[in-house]
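Okay, so the sequence shown: first residue is 1 according to full-length UniProt numbering, each after it adds one.
Have a look at the structure below, then the notes.
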Amino acid sequence: MSQAPENNLPALRRKARHYALQALYQWEMAKQPLHEIQAQFLTDYDMKHVDTEYFGEMLHEIPANLNELQSEFEPLLDRKLSDLDPIELSLLRMGVWELKHRIDVPYKVVINECVNLAKRFGATDGHRYINSLLDKVAANTRQIEIAAARK
């Protein structure tokens, strides 16, 4: 991880998600090997304020688990998977990966971070779609956490 203080972890991870979204989009569109994309990002971007371990984990784990991740949100879609905007698709994969594999990250943080990225990079109102779908996935994958938050 970057050498920043532990109390800066949320900001480091926010930047990691930002770059992971861009890298996953590049992978989806160009089908470039992941190790090349990772090397490019580590070389071409200022990664001083990025949790580079988290970035690398997302970049490699999400493509390795596509079927598992997509099976969580595909039944909830109102369109075919192939009709999703590539940014929305990458954000859904990222969000579901964090919900399922990073239980150390609160579900509200996962959803909020993906919604904010959708607002910045996605299509008009794409953030609402991301919010709705990830909220439904969270209800299935983080039931105990959600129940505790409602008490």
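Ideal Cβ placement from N, Cα and C applies to all residues, glycine included.
Please read these numbers as outputs of a predicted model, since none were measured by experiment.
query                                                                                            : result
CB of E74 within 9 Å of CB of L81, strictly                                                      : yes
M94 beta carbon less than 9 Å from that of L34                                                   : no
Beta carbon of V96 nearer than 9 Å to that of L59                                                : no
Alpha helix (DSSP H) segment containing Y107, residue limits                                     : 107-121
Through-space distance from D83 to K136, alpha-carbon basis                                      : 20 Å
Beta-carbon spacing of N131, I111 below 9 Å                                                      : yes
Whole-angstrom distance between K119 and L9, CA atom to CA atom                                  : 22 Å
Three-state class that DSSP yields for D44 in the structure shown                                : helix
Whether L133 touches L77 by CB criterion (9 Å)                                                   : yes
Cβ-based burial, K31 [other Cβ within 10 Å; buried from 16]                                      : exposed
Ordered list of alpha helix (DSSP H) runs contained in the region 6-94, each at least 4 residues : 9-30, 34-44, 52-64, 66-73
Exposure label - Q40; buried when at least 16 CB within 10 Å                                     : exposed
As assigned by DSSP and simplified to three states, the class of K136                            : helix
Secondary structure of R102, DSSP reduced to three states                                        : coil
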